[in-house]
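Encoded as structure tokens, the structure appears first; notes follow it.
2 protein chains.
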Amino acid sequence: MFSAAECCRLDRRRRALIAAARELFVEQGYEKTALSEIVERSGGSLATVYKLFGNKEGILEAVVFEKVSSGAAMVDEAASGRGTPAEILRRLAGRFRTHFLDPETIALVRIVIARSINDKKFAQQFFERTATRTLDALTALFRSWKADGVRMSGEPEILAELFLGLFVSDVHTEAISHGLGSHSCSKRFDDRIGFFLIGAGLAEEQLSPS
Amino acid sequence: MFSAAECCRLDRRRRALIAAARELFVEQGYEKTALSEIVERSGGSLATVYKLFGNKEGILEAVVFEKVSSGAAMVDEAASGRGTPAEILRRLAGRFRTHFLDPETIALVRIVIARSINDKKFAQQFFERTATRTLDALTALFRSWKADGVRMSGEPEILAELFLGLFVSDVHTEAISHGLGSHSCSKRFDDRIGFFLIGAGLAEEQLSPS
DNA sequence: GCAATGGTGTAATGCCTATTACACTTTCGC
DNA sequence: GCGAAAGTGTAATAGGCATTACACCATTGC
Numbered sequence: 090m091f092s093a094a095e096c097c098r099l100d101r102r103r104r105a106l107i108a109a110a111r112e113l114f115v116e117q118g119y120e121k122t123a124l125s126e127i128v129e130r131s132g133g134s135l136a137t138v139y140k141l142f143g144n145k146e147g148i149l150e151a152v153v154f155e156k157v158s159s160g161a162a163m164v165d166e167a168a169s170g171r172g173t174p175a176e177i178l179r180r181l182a183g184r185f186r187t188h189f190l191d192p193e194t195i196a197l198v199r200i201v202i203a204r205s206i207n208d209k210k211f212a213q214q215f216f217e218r219t220a221t222r223t224l225d226a227l228t229a230l231f232r233s234w235k236a237d238g239v240r241m242s243g244e245p246e247i248l249a250e251l252f253l254g255l256f257v258s259d260v261h262t263e264a265i266s267h268g269l270g271s272h273s274c275s276k277r278f279d280d281r282i283g284f285f286l287i288g289a290g291l292a293e294e295q296l297s298p299s
Numbered sequence: 090m091f092s093a094a095e096c097c098r099l100d101r102r103r104r105a106l107i108a109a110a111r112e113l114f115v116e117q118g119y120e121k122t123a124l125s126e127i128v129e130r131s132g133g134s135l136a137t138v139y140k141l142f143g144n145k146e147g148i149l150e151a152v153v154f155e156k157v158s159s160g161a162a163m164v165d166e167a168a169s170g171r172g173t174p175a176e177i178l179r180r181l182a183g184r185f186r187t188h189f190l191d192p193e194t195i196a197l198v199r200i201v202i203a204r205s206i207n208d209k210k211f212a213q214q215f216f217e218r219t220a221t222r223t224l225d226a227l228t229a230l231f232r233s234w235k236a237d238g239v240r241m242s243g244e245p246e247i248l249a250e251l252f253l254g255l256f257v258s259d260v261h262t263e264a265i266s267h268g269l270g271s272h273s274c275s276k277r278f279d280d281r282i283g284f285f286l287i288g289a290g291l292a293e294e295q296l297s298p299s
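For the record, the sequence lines run as chains A and B. Position in the first sequence (first residue = 1) + 89 = the working numbering. Position in the second sequence (first residue = 1) + 89 = the working numbering.
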């Protein structure tokens with residue numbers, strides 16, 4: 090029925106369409122992008138779009154969910170490394186920052202929020218596949234530390250929300266300010282992680298009061 | 090030229106149009122709302138819309154900027170009250186939460202972010218009139234505390250970002266999850282403020298490590 | 001009361017674009 | 001090479017809506 094070659098050809102077309110669609114959605118948003126523009130950029134044909142994705146929403150879902158990645162993998166990776174909790178969290182923070190503040194990530198978040206006004210379910214799926222999974226992984230990490238005898242203030246769930254919140258607030262600022270917010274300053278960023286460690290009772294040394 | 094009555098009449102129409110537009114934008118978003126729907130709901134006429142607002146964007150700006158309020162006034166009000174810094178911040182946090190997590194606030198934020206894809210300036214103006222002003226007020230407050238000899242860890246700018254960030258991350262979560270995020274739980278909320286106070290060195294008593 | 005100013009209602013105009021239909025071409029196993 | 005399946009290109013359908021044009025009503029100052 091399906092030879093390998095056929096499958097690959099279709100798959101290549103699919104990938105090209107999704108790539109073109111992502112570029113255009115990022116540049117212009119979902120509503121303002123016409124399917125004909127996508128096809129123009131990727132090559133192929135309108136008929137193929139409908140064959141592969143059913144309708145315009147279909148291609149948006151494909152764009153968003155194709156590359157969506159929660160931070161859970163990053164959490165697991167960082168957790169398996171060596172070091173004190175503070176060191177692990179600093180390392181994890183660096184990865185989170187790179188990922189969450191990537192301009193393409195921000196642009197996708199804008200698109201999801203925009204679409205969410207007319208399609209709640211879509212945004213909720215996105216939320217579950219990103220934030221919820223990441224929170225669960227962080228909560229599990231903090232819980233395992235407690236089980237291992239690490240002393241930290243606050244419950245794992247709250248700490249997970251707070252830690253992720255450090256990045257989420259930057260994502261939001263960036264999404265709405267398009268660069269006006271000054272959060273990219275790396276000194277500030279380090280300070281904020283330090284602040285979290287103190288609040289959680291995980292800092293190796295306390296900041297001296299000034 | 091303009092009698093009081095004329096002025097009032099036009100003003101009443103303006104208000105009615107803005108109110109109807111806000112309802113519809115909140116329900117359906119900006120793109121999906123037709124000007125004819127707005128007029129249908131508010132009474133009046135399409136011609137009047139163009140006379141008052143110029144075009145469709147004009148009415149969106151009027152909707153967003155009419156009621157926009159930064160948290161700066163709340164900061165000033167809380168700062169002028171009595172109590173320890175911790176008490177003042179807890180009081181302020183309550184106001185922030187009520188304001189920022191109001192469903193209509195969230196809905197407006199969604200609309201602004203959606204529109205920002207095609208009109209950066211618009212979102213940046215919104216950002217400056219809300220977040221920037223609030224941050225400035227918070228920074229000034231923390232700075233004045235330091236000048237008064239209050240001992241706190243971290244620089245006022247960073248503390249302001251962190252404090253506001255506690256709410257911004259909830260706004261973002263709400264904007265994208267439409268209620269799936271569980272952040273409205275008030276116990277968690279209090280914990281988070283307590284966490285901030287500890288990190289800032291402002292807590293009256295430290296949480297016991299668990 | 002009455003003209004002028006301002007507000008209203010209706011109905012084009014014009015453009016854009018999702019979706020469909022259909023006839024054509026390419027690919028690929030044989 | 002051949003024929004079926006898959007993919008393509010083009011153009012028609014159909015509906016939506018911002019914006020404009022214009023003729024009609026209401027208010028108000030006199």
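Glycine included, every Cβ here is placed at the ideal spot set by N, Cα and C.
The beta carbons of H267 (chain B) and Q213 (chain A) sit about 6 Å from each other, so the pair counts as a contact at 8 Å. If you look at A123 (chain A), you'll find it isn't in any alpha helix (DSSP H); DSSP assigns it neither H nor E. Boundaries of the alpha helix (DSSP H) around S169 (chain A): A161 to S169.
Looking at the backbone, the Cα of V164 (chain B) and that of A108 (chain A) are separated by about 46 Å. At the C-beta level, L113 (chain A) and I127 (chain A) come within 7 Å of one another. Under the Cβ criterion of 7 Å, L251 (chain B) is counted among the residues facing chain A. Non-local beta-carbon contacts of A161 (chain A) in its own chain, meaning distances under 6 Å to residues more than five positions away in sequence, involve R222, T223 and A226 in chain order. Residue-level contact check: F216 (chain B) touches chain A, since one or more beta carbons of chain A fall below 7 Å from its beta carbon. Contiguous alpha helix (DSSP H) elements confined to the stretch 243–268 of chain A occur at 245–266, taking only those with 4 or more residues.
Around the beta carbon of F154 (chain B), fewer than 16 other beta carbons lie within 10 angstroms, which makes this residue exposed.
Here T173 (chain A) is exposed: its Cβ has fewer than 16 other Cβ atoms, across all protein chains shown, within 10 Å.
Of all alpha-carbon atoms in A:A196, A:D259, A:A175 and A:G290, the one lying nearest the alpha-carbon of A110 (chain A) is that of A:A196. Rounded to whole angstroms, K156 (chain B) and A105 (chain B) show a C-alpha spacing of 14 Å. Boundaries of the alpha helix (DSSP H) harbouring E146 (chain B): K145 to K156, taken from the DSSP string.
Judged by pairs of C-beta atoms under 8 Å, the stretch 244–254 of chain B does not touch the stretch 198–215 of chain A, as fewer than three such pairs exist.
The Cβ neighbour count for R204 (chain B), taken over all protein chains shown within 10 Å, is at least 16; the residue is labelled buried. Secondary structure note for V198 (chain A): its alpha helix (DSSP H) is the uninterrupted segment P192 to S205.
Taken through DSSP and simplified to helix, strand or coil, G283 (chain A) comes out as helix.
In terms of Cα proximity to A289 (chain B), the closest of B:A136, B:T137 and B:L178 is B:L178. When DSSP states are grouped into helix, strand and coil, D208 (chain B) belongs to the coil group. A Cβ-Cβ contact shorter than 7 Å links R102 (chain B) with G133 (chain B). Short of 7 Å from the beta carbon of R240 (chain A), and not among the five residues preceding or following it, lie these beta carbons of its own chain, in chain order: G290. Think of a sphere of 8 Å around the beta carbon of A212 (chain B): the chain A residues whose beta carbon falls inside it are I265, S266 and H267, in chain order. With a contact defined as Cβ atoms closer than 8 Å, F285 (chain B) and L251 (chain B) qualify at about 7 Å.
When the five nearest sequence neighbours on each side are left out, the beta carbons in the same chain lying within less than 7 Å of the beta carbon of V152 (chain A) are those of I107, A110, R111 and F114, in order along the chain. The three-state secondary structure of T223 (chain B), taken from DSSP, is helix. The Cβ of K209 (chain A) sits closer than 7 Å to at least one Cβ of chain B. If you ignore the 5 residues before and after K145 (chain A), its C-beta comes within less than 7 Å of the C-beta of L124, all in its own chain and listed in chain order. Residue-level contact check: I206 (chain A) touches chain B, since one or more beta carbons of chain B fall below 7 Å from its beta carbon. Taking the Cβ atoms as the reference, L181 (chain B) lies roughly 15 Å from D259 (chain B), outside the contact range of under 8 Å.
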